[in-house]
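Position 171, counted from 1, in the sequence shown is what the working numbering calls 171; the numbers after and before it change by one each time, with no gaps.
C-beta atoms are modelled at their ideal positions from N, C-alpha and C, and glycine is treated no differently.
Keep in mind that this is a model prediction, so the values were computed, not measured.
First the structure, in the form of structure tokens, and then the observations on it.
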Amino acid sequence: MKSLFPAHILIFSCFMMTGCLSIETNYSVSDGFRSMVSKDSLTLDEDALEQISASIETEAALLRSIDLHKQFILQNPHARIILDSLANQIILQSAAYTQSRTKKKKLFGEAMAICAESMRTQVAFRNRLDSGEKLWEAVDALEAENMDAMLFWVTALLYTFKEGMVQPQQIINSPWIKRALVVLEHMESIDREWNGGAILFSKSLVYHAIPESIGGDPVLARQLVDEANAISGDWMLSKWGRAKYFDSRNGDVEAMKSDLNAVVLLQDVQGGEAHYWRKYFVEDAKALLSKFDVTSD
Numbered sequence: 001m002k003s004l005f006p007a008h009i010l011i012f013s014c015f016m017m018t019g020c021l022s023i024e025t026n027y028s029v030s031d032g033f034r035s036m037v038s039k040d041s042l043t044l045d046e047d048a049l050e051q052i053s054a055s056i057e058t059e060a061a062l063l064r065s066i067d068l069h070k071q072f073i074l075q076n077p078h079a080r081i082i083l084d085s086l087a088n089q090i091i092l093q094s095a096a097y098t099q100s101r102t103k104k105k106k107l108f109g110e111a112m113a114i115c116a117e118s119m120r121t122q123v124a125f126r127n128r129l130d131s132g133e134k135l136w137e138a139v140d141a142l143e144a145e146n147m148d149a150m151l152f153w154v155t156a157l158l159y160t161f162k163e164g165m166v167q168p169q170q171i172i173n174s175p176w177i178k179r180a181l182v183v184l185e186h187m188e189s190i191d192r193e194w195n196g197g198a199i200l201f202s203k204s205l206v207y208h209a210i211p212e213s214i215g216g217d218p219v220l221a222r223q224l225v226d227e228a229n230a231i232s233g234d235w236m237l238s239k240w241g242r243a244k245y246f247d248s249r250n251g252d253v254e255a256m257k258s259d260l261n262a263v264v265l266l267q268d269v270q271g272g273e274a275h276y277w278r279k280y281f282v283e284d285a286k287a288l289l290s291k292f293d294v295t296s297d
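If you want it as structure tokens, here you go:
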């Protein structure tokens, strides 16, 4: 079988001096992992990695889990579920535990590359990339089993856009945001309400993040985030995200408190997002609430 680590894998890795995003064309996930993983005597399988992921409580535990995921992928490069889990954990590493803008961009780029590898396990999609199509051009070949990879690819891109660019750079790089929207619209065609409104929430960020002059739409963004919350159930993402990115920007303190408290109330509920993300959402919600002198147990 042809290697899933070809020279043309897409990676969203760094900014040029102009502020444009560059596409690295010779990145190899497997080669990169060989240079950075530690040697561990554990016998790894997917069930063991799932248990390790479910027990992440600290940054150190997260980093160890990431390292073990990389070791596993070196031996099992087509393990789609583990690739998805690894990308998700690297996004959290960058978002929650990394301060350097340069390192954040590198980690988000690595996560995007891993998501692309996960997507390439889908034969029709891989064949279209091999024929010269770009990820966002071939995305309609992906199926329900690829939803995590698509969402995490978009998430890493949006985080880079938000945390790594000032407005002039956002304008220059607006085509990337539109490519994210293409991916999200394909996901929406598969299951619009998937994962408690995660697609709708991500779309709200697209319209919220970019200036109105290049397609931003704050009214539509608000409609989408409210719709995501209406179907969120026990999922935390849209509750936390509405407080963090919408209520706070509008100066609506009471709405922000309500959304953050809704996150905290779910801290003992199982399900929804990966455990480590739920833990992060709860901790961040409590930290934000503490600034209002609100008690949350």
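Check, Outcome
"Please name the residue in 255, 259, 175 whose C-alpha comes closest to that of residue 298.", "The requested residue 298 does not occur in the structure, where the chain is confined to residues 1 to 297."
"Specify, as a first and last residue, the run of the alpha helix (DSSP H) that residue 334 falls within.", "For the chain, the structure presents residues 1 to 297; residue 334 sits outside this window and is missing."
"Could you give the uninterrupted runs of the alpha helix (DSSP H) lying entirely in the stretch 178-212, keeping only those of 4 residues or more?", "194-209"
"At which residues does the alpha helix (DSSP H) containing residue 222 begin and terminate?", "218-230"
"Output needed for residue 159: all residues of its chain with C-beta closer than 8 angstroms, excluding positions within five of it in sequence on either side, in chain order.", "91, 94, 95, 104, 108"
"By DSSP, does residue 109 sit in helix, in strand, or in coil?", "helix"
"Measuring CB to CB, does residue 117 end up less than 8 angstroms from residue 74?", "no"
"So, are the CB atoms of residue 197 and residue 232 less than 8 angstroms apart?", "yes"
"Quick check on this structure: which residue in 135, 88, 52 has the alpha carbon closest to the alpha carbon of residue 184?", "135"
"Going by the CB atoms, is the gap between residue 89 and residue 280 shorter than 8 angstroms?", "no"
"Let me check understanding here. Comparing Cα to Cα, which of 120, 132, 162 lies closest to residue 143?", "120"
"Could you spell out the range, first to last residue, of the alpha helix (DSSP H) harbouring residue 275?", "275-290"
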